[in-house]
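This report concerns only the one structure given below.
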Amino acid sequence: MVADRQCSGALPFPRCWANLTDTFDTRVTPDLASLPPGLSGWTSVTARSGATSPDYGQFFTSALERLQAERRYRVFADIERLAGRYPQAIWHAPDGPRPITVWCSNDYLGMGQNRDVTRAMVEAAWRLGTGAGGTRNISGNSNPIVTLEAELADLHGKEAALVFTSGYVSNQTGIATLAKLIPNCLILSDALNHNSMIEGVRQSGCDKAIFRHNDLEHLEELLQAAGERPKLIVFESVYSMDGDIAPIRQICDLAERYGAMTYIDEVHAVGMYGPRGAGLAERLGVMHRIDVIEGTLGKAFGVMGGYLTGTRAVMDAIRSFAPGFIFTTALPPAVAAAATASIRHLKSSRTERQAQQLQVAKVKEALIHADLPVLATPTHIVPVMVGDAEACKAASDRLLNKHGIYIQPINYPTVPRSTERLRITPGPLHSDDHIAALTEALTDTWKALGLSFRGLVLDARERMKTARRVGRRQ
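For the sequence shown, our numbering begins at 22 and goes up steadily by one.
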């Protein structure tokens, strides 16, 4: 039973000490002598008797049982990545360690294994220690983070950048804070935006309008209907589950025509596209037309963290008002140093990008030739469609157990029901032998499970229906 507690005397900190100990067993008499100095005047009030406690554990058990009944319960494989041997890894299986090949990593270019990157992290840790020491408002504003932000601003051709603990946080708190600071803001959000963006829109408390995925006509209708009120268009450059891309230039045209601010998520494009790896907006030559560019350090750059770039005024406003920035511990200096090393390397080297694009093309050709249901995409993401949650998990399990190939199943709510898939992300270090083994394993698995062989899935009509369903959920 939870106790009602009260305290007497002035508090030297914001929360009552008793409130922080609400879960103490009320049958135990507190040892007042053991309390910190200054707390001897605190008292405990006996809990109300006769109340019946709900079976809290059953709430969670029932929720998990429903998830398992829908075949959507996720089991994480115990994987050990090996430095210098990517994409090879060790799976700590129930019957002992086994070597596997990873085909679903977001470390798209293998930069998490790059010697310059790992060296930068190790040297920074030896020199500066492991942790940041606090939030950046208190004690965590380290020189490596300042250097990293300057590098990111330069990468995207912006005045300033702001680093966050993850790409999820940068989207969620960035969108929410931006919109809150714009009076009477209307947010126009693509129907297939990532959950972090959806949550940012929701937490802003602003009016929203969801436009059908990549549908410029629908977006223009909504912009026209909004009239002169301030507007923020939020969209992605590369959509991570379908692997398709946004009509970035045309969205910029509409934003300029109707006086809207633009916010683009480039997390699956930074490091991957453009002459210096700044993403699709760089490749198209439109970075200067986008107000805020968001990215991640945890995918192609191979480290961790998220960031925003834009004008000094916008970045300073987010720094000053965003709870997701103000109230969380900063990235460790060693992480920031490693990220800077990775960005600098990919600004000057195209070797990794070119090798990756070559292997992606080979994988697509091999799987399509095998008549596997590959979703047509113009990017490095290769979805193989299954269409059923149970079958998708069975395929993933069989690939791992029989063939030593690790590809996590992608099920609802990450994708809509009936569009479950295996999401393959070839990298520059996947060899031709790896590709041959993958093709053979997928073919064997499809035959063993009786899955449909239907070749290249163009599916523009199905994708549009999916976008409408997702739009209604937002």
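Here a beta-carbon is modelled for each residue, glycine too, at the ideal position from N, C-alpha and C.
Beta-bridge pairing of residue i - partner residues as DSSP gives them
i, result
"His424", "Beta-bridge pairing links His424 to no other residue."
"Lys252", "Leu207, Ala281"
"Lys13", "The question about residue 13 has no answer here: the residues shown for the chain are numbered 22 through 495."
"Gly327", "Phe185, Thr317"
"Asp228", "Leu207"
"Gly117", "Ala114"
"Arg95", "Answer is none; Arg95 lacks a bridge partner."
"Arg442", "Met406, Ile431"
"Leu396", "Val478"
"Asp286", "Glu257, Glu315"
"Val123", "Tyr427"
"Arg102", "Ala110"
Cβ neighbours of residue i in the same chain (closer than 7 Å, five flanking residues each side left out)
i, result
"Leu420", "Ile426, Ile428, Ala462, Thr466"
"Ile196", "Met218, Gly221, Val222, Ser225, Val255, Tyr284"
"Thr349", "Thr156, Thr186"
"Arg333", "Glu180, Ala181"
"Ala506", "Given that the chain is displayed from residue 22 to residue 495, the structure contains no residue 506 and the question cannot be resolved."
Alpha-carbon spacing of residue i relative to residue j, whole angstroms
i, j, result
"Val288", "Gly471", "36 Å"
"Leu164", "Pro354", "In the sequence under discussion, the amino acid at residue 164 is Asn, which differs from the Leu named in the question. Distance between the alpha carbons of Asn164 and Pro354 is about 8 Å."
"Ala469", "Asp392", "15 Å"
"Glu91", "Asp409", "10 Å"
"Ser83", "Arg93", "14 Å"
"Pro399", "Val478", "13 Å"
"Leu459", "Ile121", "11 Å"
"Gly161", "Glu411", "45 Å"
"His451", "Met325", "22 Å"
"Thr151", "Ala351", "12 Å"
"His424", "Tyr260", "29 Å"
"Gly476", "Asp236", "26 Å"
"Arg494", "Phe474", "Because the pLDDT of Arg494 is 43, which lies under 50, any placement of that residue in the model is unreliable, and the number read from its coordinates should be weighed accordingly. Spanning the two alpha carbons is a distance of roughly 31 Å."
"Glu241", "Leu275", "7 Å"
"Glu86", "Asp76", "16 Å"
"Asn192", "Ser258", "14 Å"
"Gln271", "Phe232", "14 Å"
"Gly248", "His309", "25 Å"
"Met142", "Leu443", "33 Å"
"Pro430", "Pro204", "42 Å"
"Arg278", "Lys368", "33 Å"
"Arg438", "Val381", "27 Å"
"Thr317", "His215", "13 Å"
"Arg102", "Glu238", "45 Å"
"Thr194", "Glu144", "32 Å"
"Tyr107", "His113", "16 Å"
Option nearest residue i by Cα separation, candidates the options
i, options, result
"Thr198", "Tyr129, Asn214, Gln271, Ser341", "Ser341"
"Thr156", "Pro344, Ala90, Asp286", "Pro344"
"Gly448", "Leu173, Gly117, Leu130, Leu88", "Leu130"
"Asn432", "Val405, Arg233, His424, Ile456", "Val405"
"Gly280", "Thr82, Leu243, Leu396", "Leu243"
"Ala321", "Ser74, Thr330, Thr361", "Thr361"
"Asp175", "Gly331, Gln380, Leu388", "Gly331"
"Ala299", "His366, Pro268, Glu238, Gly264", "His366"
"Pro115", "Val123, Val96, Gly295", "Val96"
"Val436", "Gln271, Met262, Arg270", "Met262"
"Trp147", "Gly248, Leu396, Ala359, Glu277", "Ala359"
"Ser126", "Ala72, Pro118, Ile445, Cys273", "Ile445"
"Pro394", "Thr464, Asp418, Asn422", "Thr464"
"Met282", "Asp312, Ala267, Ala290", "Asp312"
"Gln377", "Ala415, Gly78, Trp124", "Trp124"
"Ile347", "Val356, Met336, Ala357", "Met336"
"Ala171", "Arg250, Ala200, Ala357, Ala415", "Ala357"
"Asp418", "Ala98, Arg278, Thr73", "Ala98"
"Asp137", "Ser370, Arg278, His390", "Ser370"
"Arg250", "Leu209, Thr168, His239", "Leu209"
"Glu373", "Pro296, Thr440, Asn422", "Pro296"
"Arg529", "Tyr107, Pro108, Ile100", "Here the chain comprises residues numbered 22 to 495, so residue 529 is not present and cannot be evaluated."
"Gly413", "His390, Thr440, Asn422", "Strictly speaking, residue 413 in this sequence is Cys, with Gly absent from that position. For the residues His390, Thr440, Asn422, the minimum Cα distance to Cys413 belongs to Thr440."
"Asp286", "Gln375, Asp211, Ala246, Gln245", "Asp211"
Contacting residues, own chain, Cβ-Cβ under 8 Å from residue i (five flanking each side not counted)
i, result
"Lys383", "Pro447, Asp453, Ile456"
"Ala104", "Gln134, Thr139"
"Gly264", "Leu396, Thr398, Pro399, Thr400, His401, Ile402, Val403, Pro404"
"Asn158", "Ile347"
Same chain only: Cβ atoms within 6 Å of residue i, ignoring 5 sequence neighbours per side
i, result
"Asp228", "Leu207"
"Tyr294", "Gly300, Leu301, Arg304"
"Thr67", "Interpretation of Thr67 is limited by its pLDDT of 47, a score under 50 that renders its predicted location unreliable; the figure taken from the coordinates is listed afterwards. There are no such residues."
"Leu56", "Note that Leu56 has pLDDT 47, beneath the 50 cutoff, so the model's placement of it is unreliable and the number below is only indicative. Cβ neighbours of Leu56 beyond the five flanking positions: none."
"Gly154", "Ser160, Gly161"
Rounded Cβ spacing between residue i and residue j (contact assumed at less than 8 Å)
i, j, result
"His497", "Ile402", "The shown model of the chain, from 22 to 495, leaves out residue 497, and the question about it has no answer."
"His234", "Leu213", "5 Å"
"Tyr189", "Gly327", "7 Å"
"Leu183", "Ile364", "Not confirmed; about 15 Å, so no contact."
Below-8 Å beta-carbon distance, residue i vs any chain C residue
i, result
"Tyr260", "Given the protein chain composition of this structure (a single chain), no chain C is represented."
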